[in-house]
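J.: Can you keep this structure in mind? I'll have questions shortly.
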Amino acid sequence: MKKLLLILLCLPMIGFGQYFSHIQNTPFTDVSAGSVAFSDIDNDGDDDVLITGYNNGSFSELYKNDGLGNFTLVSNTPFTGVIASSVAFSDIDSDGDKDLLITGEYSYSNGICYVIAELYKNNGSGIFSLVTGTPFTGFLDGSMAFSDIDNDGDEDILITGRRGMYPNYDAISELYKNDGLGNFSLVIAAPFPKIWASSVAFSDIDNDGDQDLLITGNNDSSLAITELYKNDGLGNFSLVSSTPFIGVYASSIAFSDIDNDGDEDLLIAGRYCTNGICYVITELYKNDGLGNFSLVSTAPFSDIYRGSISFSDIDQDGDKDVLITGNSLSELYKNDGLGNFSLVSGTPFTGVYNSSIAFSDIDKDGDEDVLIIGGVDVSSVVNISSIYRNIFAMTSVDEFSIKNNNLLKITNIFGQTIKKENNTPSFYIYDDGTVEKRMVIE
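Residues 3 to 444 (our numbering) make up the sequence shown, in order.
The structure is reproduced here in structure tokens:
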């Protein structure tokens with residue numbers, strides 16, 4: 003007990019809300035109804051970022067990172083500005099750099115939405131050029147995801163969304179296979195319903211080595227669905243019947259192994275209506291390892307829609323925590339390693355609607371920072387594009403006089419025993435009561 007007290011006295015007093023610090027005076031345009039994605043576009047070892055969305059016009063802006071988390075706008079990019087958008091990076095032609103697909107609405111007039119699905123190839127230095135003649139259908143208010151669905155070593159893609167307005171939403175769900183050179187062809191026999199206000203995510207739910215699929219959204223009849231499809235390993239999907247999921251739209255979904263049992267669990271957030279009454283949910287489901295999911299009734303999450311959710315190990319304790327945004331909320335929940343989550347109080351995040359979030363280690367200090375975009379209120383009169391630096395990890399080294407080398411344990415900032423990894427700040431506890439703070443640089 004005396005050793006534990008000594009350890010606590012040596013630790014700085016950091017409250018739960020102090021995981022993140024808001025970085026002021028960034029160059030980002032404040033937007034909502036958009037999308038964000040990090041990627042190392044120029045192969046210099048740090049993550050750059052693309053931001054799309056609305057602020058008195060539509061934007062698609064690329065920012066380069068100097069490696070310390072300072073961003074500068076890249077001028078003269080060829081990207082079309084879009085709202086109600088989705089963006090994704092992927093090395094489509096296996097040349098070692100990240101290419102880009104941008105979708106969304108770029109104009110609206112006379113009751114017509116003008117939409118795009120534009121593919122841009124990267125020359126390896128972060129300079130992008132539009133690929134003409136692609137087969138993709140332009141859409142808005144949807145979602146897309148890259149994945150190697152047929153295990154042939156290249157990234158295929160699923161896109162969902164709509165091309166029209168009420169009452170004809172003209173929804174789509176289109177799966178495209180990649181020939182390995184970045185040429186895509188539509189899979190005619192894909193069994194997915196056409197959906198909009200959607201979210202899609204690939205994951206190997208049954209540990210058979212291929213990517214299965216979950217989709218959520220509204221079909222053309224405005225009926226909300228949540229459907230799970232298993233992959234046979236060749237890119238052929240079949241609907242899984244009798245899942246416990248509630249059909250939702252204006253949704254966000256994310257897979258993660260929340261309890262470290264080797265399989266992917268699932269968080270679903272969104273809205274559904276029945277008998278003229280609409281409800282909002284955020285529900286957590288655990289996987290039994292075979293792809294069978296059960297609802298975690300005790301999950302503490304606030305219910306959100308028109309938002310975004312993302313998992314990240316924010317405190318480097320080996321489990322996945324989660325950030326949830328939407329309904330004018332931005333809430334961080336810490337995982338105890340067994341899949342039990344607790345709300346972190348006092349975070350600096352601004353609550354948002356019509357949001358998008360993404361984690362990335364922007365300053366290469368070994369922890370995950372986060373970018374949040376969205377409207378501060380439902381009307382999106384005030385928007386944000388705010389980046390928050392993760393300050394949980396100690397980046398300096400304090401020297402202590404070590405009397406012997408009889409190491410008792412290595413702990414994190416809260417005194418929890420951990421396995422030491424490179425680039426992870428740790429406290430080395432010796433049997434004479436001495437505490438050494440150390441970070442081993444890889």
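Just so you know, even glycine gets a beta-carbon here, dropped at the ideal spot from N, CA and C.
Does the region 84-97 come close enough to the region 107-119 to have 3 or more Cβ pairs within less than 8 Å?
T.: A contact exists between the region 84-97 and the region 107-119.
J.: Starting from residue 232 and walking both ways along the beta strand (DSSP E), at which residues does that stretch end?
T.: Residue mapping note: residue 232 aligns to position 230 of the sequence shown, counting from 1. Looking at the DSSP string, the run of the beta strand (DSSP E) that includes residue 232 is 226-233.
J.: Report the residue from 129, 189, 88 whose alpha carbon sits nearest the alpha carbon of residue 140.
T.: Residue 140 sits at position 138 when you count from the first residue of the sequence shown. For the residues 129, 189, 88, the minimum Cα distance to residue 140 belongs to 88.
J.: For residue 15, name the three-state secondary structure that DSSP assigns.
T.: Stepping through the sequence shown from its first residue, residue 15 is reached at position 13. Model confidence at residue 15 stands at a pLDDT of 37, short of 50, so the residue's coordinates are unreliable; what they give is reported in the following sentence. Residue state, collapsed to three classes: coil.
J.: Which residue marks the beginning of the beta strand (DSSP E) containing residue 83, and which one marks its end?
T.: Walking along the sequence shown from the start, residue 83 turns up at place 81. Note, residue 83: premise wrong, no beta strand (DSSP E); not H, not E.
J.: Closest to residue 22 by CA distance: which of 385, 155, 352 is it?
T.: If you number the sequence shown from 1, residue 22 lands on position 20. The residue with the shortest Cα to Cα distance from residue 22 is 352.
J.: Compare the beta carbon distance of residue 296 and residue 246 with 8 Å and say whether it is the shorter of the two.
T.: If you number the sequence shown from 1, residue 296 lands on position 294. If you number the sequence shown from 1, residue 246 lands on position 244. Yes. Within cutoff.
J.: Residue 372 CB to nearest chain C CB: under 8 Å?
T.: Among the protein chains of the structure shown there is no chain C, as only one such chain exists.
J.: Look at the Cβ atom of residue 304, then the Cβ atom of residue 333, and state whether they are nearer than 8 Å.
T.: In the sequence shown, counting from the first residue as 1, residue 304 sits at position 302. In the sequence shown, counting from the first residue as 1, residue 333 sits at position 331. For residue 304 and residue 333, yes; Cβs fall inside 8 Å.
J.: Which residue's Cα is closest to the Cα of residue 54: 90, 25, 26?
T.: Position 52 of the sequence shown holds residue 54. Ranking the options by Cα distance to residue 54, first place goes to 90.
J.: How is the beta strand (DSSP E) around residue 167 delimited, first residue to last?
T.: By 1-based counting over the sequence shown, the position of residue 167 is 165. Where residue 167 is concerned, there is no enclosing beta strand (DSSP E), given that its DSSP letter is neither H nor E.
J.: Let me check understanding here. Comparing Cα to Cα, which of 209, 237, 210, 202 lies closest to residue 220?
T.: Here residue 220 is taken as the residue at index 218 of the sequence shown, counted from 1. For residue 220, the nearest C-alpha among the options comes from 202.
J.: Could you give the DSSP three-state label for residue 106: helix, strand or coil?
T.: Position 104 of the sequence shown holds residue 106. Strand, per DSSP.
J.: With a Cβ-Cβ cutoff of 8 Å, do residue 72 and residue 33 count as a contact?
T.: As a first step, residue 72 must be located in the sequence shown, where it is residue number 70. As a first step, residue 33 must be located in the sequence shown, where it is residue number 31. No, Cβ-Cβ distance for residue 72 and residue 33 is not below 8 Å.
J.: Identify, in the order they occur along the chain, each residue of the same chain with its Cβ nearer than 8 Å to the Cβ of residue 264, setting aside the five sequence neighbours on each side.
T.: If you number the sequence shown from 1, residue 264 lands on position 262. The answer, listed in chain order, is 209, 291.
J.: Using a Cβ-Cβ cutoff of less than 6 Å, which residues in the same chain neighbour residue 407 once the five nearest sequence positions on both sides are dropped?
T.: Along the sequence shown, one-based indexing puts residue 407 at 405. Only weak support exists for where residue 407 lies, its pLDDT of 49 falling under 50; the value from the coordinates is given anyway. Around residue 407: no qualifying Cβ.
J.: Between which two residues does the beta strand (DSSP E) containing residue 36 stretch?
T.: Residue mapping note: residue 36 aligns to position 34 of the sequence shown, counting from 1. Element bounds for residue 36: 34-41.
J.: From 179, 294, 387, pick the residue whose C-alpha is nearest to that of residue 137; which is it?
T.: As a first step, residue 137 must be located in the sequence shown, where it is residue number 135. Minimum Cα distance to residue 137 is reached at 179.
J.: Taking only runs that begin and end inside the region 326-407, name each unbroken alpha helix (DSSP H) of 4 or more residues, in chain order.
T.: Runs found: none.
J.: Hey, could you find the ends of the beta strand (DSSP E) residue 279 is sitting in?
T.: Locating residue 279 in the sequence shown gives position 277, counting from the first residue. First-last of the beta strand (DSSP E) with residue 279: 279-289.
J.: Please go through the same chain and pick out, in chain order, the residues whose beta-carbon is closer than 6 Å to the beta-carbon of residue 445, but skip the five residues on each side of it.
T.: Since the first and last residues shown for the chain are 3 and 444, residue 445 lies out of range.
J.: Beta strand (DSSP E) containing residue 78: first to last residue?
T.: Mapped onto the sequence shown, residue 78 falls at position 76. Residue 78 -> no beta strand (DSSP E), and no H or E assigned at all.
J.: Residues bridged to residue 270 by DSSP?
T.: Counting from one through the sequence shown, the residue named residue 270 turns up at place 268. Per DSSP, 255, 285.
J.: Considering only their Cβ atoms, is the gap separating residue 199 from residue 281 smaller than 8 Å?
T.: Translated into positions along the sequence shown, residue 281 becomes position 279. Translated into positions along the sequence shown, residue 199 becomes position 197. The answer is no: Cβ separation not under 8 Å.
J.: Quick one: what's got a C-beta closer than 6 Å to residue 253's C-beta in the same chain, skipping five residues either side?
T.: By one-based count along the sequence shown, residue 253 stands at place 251. Cβ within range, chain order: 201, 218, 272.
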